[in-house]
Every structure is written in C-alpha cells, then in structure tokens.
Amino acid sequence: MLRQAAFTGEGKLLKGGLHCHTTRSDGKLSPEETIRYHGQMGYDFLALTDHRNYNFNNYAPESGVLLIPGMEVDGSFQDGGIHCLHTVCIGPEQGKGNGFAQDESPASVRLTEGYKSFQPLIDEIRQKGNLAFYCHPEWSATPTREFESIQGYFGMEIWNSGCAIENGLDTNAAYWDEILMQGKRWWGVAVDDGHAKEHHGKGYVMVKAEKNVPSILSALESGAFYSSCGPEIYDFYVEDGVAHVRCSPVQEIAFRYGRWPCPRVVAEDQPLTHLEYKLPQPFDYVRVTLVDGQGRRAWSNPIFLKDEA
Ligand SMILES: [Zn+2]
Ligand SMILES: [Zn+2]
0 MLRQAAFTGE GKLLKGGLHC HTTRSDGKLS PEETIRYHGQ MGYDFLALTD
50 HRNYNFNNYA PESGVLLIPG MEVDGSFQDG GIHCLHTVCI GPEQGKGNGF
100 AQDESPASVR LTEGYKSFQP LIDEIRQKGN LAFYCHPEWS ATPTREFESI
150 QGYFGMEIWN SGCAIENGLD TNAAYWDEIL MQGKRWWGVA VDDGHAKEHH
200 GKGYVMVKAE KNVPSILSAL ESGAFYSSCG PEIYDFYVED GVAHVRCSPV
250 QEIAFRYGRW PCPRVVAEDQ PLTHLEYKLP QPFDYVRVTL VDGQGRRAWS
300 NPIFLKDEA
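When we follow numbering that gives the first Met the number 0, the leftmost residue of the sequence shown carries the number 0, and every step to the right adds one.
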C-alpha cells in the first residue's frame with residue numbers, strides 16, 4: 000500500500016500560509032495586522048514573504064501564529080511586458096542555520112540568459128538553508144519550458160488567490176502535470192499571495208507536522224501536506240491498484256495522472272465523502288482534486304506508484 004505522506008502517522012494537520020505581502024513591500028496591511036488576521040482565521044503558521052525583503056520577525060506573537068521566515072525574489076526576462084520568474088523562499092529561524100539576515104534584500108535578477116540567469120539565486124537560497132518554490136506560473140506568462148530546468152525547487156504554486164481574484168489565473172495547477180509527467184517530484188502549493196485583505200485566507204496548505212519551524216519545513220520538503228481553498232482531505236492511498244480518497248463533503252472528485260482517461264465523478268443526490276477508483280494502467284503517479292459546493296478546490300500531492308516495493 001502507498002499512502003500519501005500527509006495522511007500517515009498520528010496528530011492533526013496544521014493550516015498555513017506560505018506567500019503573502021505586507022507594508023514591508025507592496026501589501027496593504029501592516030505585518031501586525033496580517034499576522035493577527037490569519038490568527039483570527041485559524042492559521043497555525045504564516046510566512047511574510049515580502050518582495051526582496053527577508054523577514055524573521057513575528058510582529059504579533061500573541062496571535063498564536065507561528066512565523067516562518069522567508070521572502071519572495073524575482074527575475075525578469077528582457078523582452079518587455081510581464082514575463083518573469085518569481086520564487087518564494089522559506090527557511091529556519093535566525094541563528095539556526097539560516098544564512099539570510101533580517102531585511103536582507105537580493106537584487107531583482109535580469110534574465111539575460113533566460114532561466115540560467117536565475118539559477119545562481121536559487122543556489123544561494125539553498126546554500127543559505129532555505130527551501131524554494133516556484134510562483135504563479137500563469138501570471139508570470141512563463142511556460143514550463145522556461146522554468147522546468149531550474150534546480151532546487153521542492154514545489155510550485157498550483158493556486159494563487161491574488162492571481163485568481165484579480166486575473167482569473169493560476170486557479171488549477173497550471174503546468175503541474177507537465178512537470179510531474181517528466182518525473183520531477185515537485186509538490187503542489189496553494190497560496191494567497193495576499194496583497195490586500197480580500198486575498199487573504201483563500202488558499203493554504205495543510206501540513207502533517209509539529210508546530211515548530213524545523214518540523215514544518217521538513218514536512219513541506221517531503222510532501223507531507225495537501226493544498227486547499229476549503230475542502231478537507233482525510234486520507235488518500237493506493238492499494239492493489241485501487242486509489243482511495245476520504246474527504247469532507249464535496250461535489251466532485253477527480254483523480255489525475257496527467258492524461259486521459261482521468262475519471263471525474265460528480266455527486267448526484269448526496270455529496271461525496273469517499274471514492275475508490277481502479278487505476279486503468281500503471282501510471283507513474285496519481286493525485287486527487289476535489290471541488291466543494293462553493294466551487295472551492297483541494298489538491299492532494301501525488302502518490303508515486305513506482306515507489307511500491
Ligand atoms: Zn510574485
Ligand atoms: Zn507575491
């Protein structure tokens with residue numbers, strides 16, 4: 000049996016936000032307001048990832064929200080318009096293996112040699128003890144062939160509330176299957192990229208971890224989480240070639256492995272709370288997507304089917 004890592008072991012999943020902005024860059028709310036608002040929404044942890052402005056500070060510790068250190072960095076192609084590579088980095092606490100300083104501000108990269116010009120910054124992020132994930136591929140107007148070769152990402156955004164609300168972009172795992180079908184093990188991350196109050200609290204990760212920074216970073220890196228805009232996933236595993244999912248009541252469940260035939264099951268009289276599906280042939284991976292009655296999605300991370308001994 001192969002069980003997705005978010006659903007192994009004991010303990011609850013933690014709700015977290017991995018990408019948002021405050022008045023430390025171009026966000027509308029102050030750091031204090033942003034953290035407090037997430038506390039009110041039941042978040043366990045949050046990273047303030049202001050543009051090119053590294054942050055360790057928890058500006059509202061009384062909120063009960065654990066602060067994950069981080070920032071967002073970027074590079075722009077030289078062909079005019081919006082065409083860029085953005086990346087969120089998150090890392091350990093200050094003095095515990097994180098090579099960045101408070102307010103450290105790497106320059107925006109000029110991508111004169113395409114993605115290759117961005118690789119040194121990702122390498123620096125990794126050398127400084129941080130994890131990195133690739134941001135809003137659709138909004139950046141940067142197709143897979145331009146970012147797939149960057150080394151060092153543990154994941155990519157599959158939902159971005161700001162892009163979804165403002166532009167109708169980055170709403171359902173753009174390009175993720177293309178990456179996965181090539182055998183790259185990038186995990187899918189839902190974020191808000193919240194710049195204003197109405198963006199916050201719409202897309203988040205649910206992580207199987209203890210409520211401390213090292214445990215959360217380790218769980219993210221190993222894929223022990225799922226992403227959601229509302230629905231809850233309780234279990235997801237494959238046994239004897241049959242995929243099983245258990246979840247909060249939803250209207251739609253679809254298993255995905257990158258190509259036809261992907262089964263999509265829609266609720267009839269009653270909402271769906273589980274589904275079993277015999278996988279039609281030995282695909283490399285399977286993941287599951289749910290849609291609830293309000294149209295909100297949740298996405299599991301993939302189970303890699305060739306891992307079964
Ligand atoms: Zn961005
Ligand atoms: Zn952002």
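Cβ atoms here follow ideal geometry from the backbone N, Cα and C, with glycine treated the same way. Just so we're clear, the structure is a prediction, and the values are computed from it rather than from any experiment.
How many whole angstroms separate the CB atoms of residue i and residue j, which I take to be in contact at a CB cut-off of 8 Å?
i	j	result
H82	A140	5 Å
V206	A223	7 Å
G15	Y203	6 Å
R296	V290	5 Å
M155	V108	Going by Cβ atoms, the distance from M155 to V108 rounds to 18 Å, so no, they are not a contact pair.
G63	N97	So it is not a contact: roughly 23 Å between Cβ atoms.
A208	L84	That pair is no contact at about 28 Å.
I121	I157	Wrong, their Cβ atoms sit about 19 Å apart, outside the cutoff.
Could you tell me the distance, in whole angstroms, from the CA atom of residue i to the CA atom of residue j?
i	j	result
T111	K95	35 Å
W138	F99	28 Å
G167	Y152	25 Å
K310	G200	Here the chain comprises residues numbered 0 to 308, so residue 310 is not present and cannot be evaluated.
S214	Q293	32 Å
R35	T22	14 Å
Q269	V249	9 Å
R125	N56	21 Å
S104	E147	25 Å
Y53	P91	12 Å
T86	I67	16 Å
D239	Y256	17 Å
Y276	W186	22 Å
P133	T272	Note that residue 133 is Tyr in the sequence shown here, rather than Pro. Taking the straight line joining both Cα atoms gives about 32 Å.
M180	A106	33 Å
D25	K183	33 Å
G10	E71	31 Å
E251	R258	18 Å
V264	D43	32 Å
R144	C88	22 Å
L304	P260	17 Å
T33	Q118	31 Å
K210	S299	21 Å
L65	Q280	43 Å
L130	N171	23 Å
Give the DSSP bridge partners of residue i, in chain order.
i	result
W298	S226, T288
F117	F117 is not bridged to any residue.
C254	Checking the displayed sequence, the identity of residue 254 turns out to be Phe instead of Cys. V287.
A189	W158
V249	L271
E71	H50, V87
Y152	A131
F303	Y284
* **At least three beta-carbon pairs within less than 8 Å, the stretch 189-199 to the stretch 160-178** => yes
* **Three-pair Cβ contact test at 8 Å for the stretch 243-253 versus the stretch 217-224** => no
* **For review: beta carbons within less than 5 Å of any heavy atom in ligand 1** => H85, C134
* Touching by the beta-carbon criterion (3+ pairs, under 8 Å), the stretch 39-56 and the stretch 8-22 -> yes
* Asked: Would the stretch 0-8 and the stretch 225-237 be scored as touching if the rule is three or more Cβ pairs under 8 Å?
  -> yes
* **For ligand 2, residues whose Cβ lies under 5 Å from any non-hydrogen atom** => E71, D192
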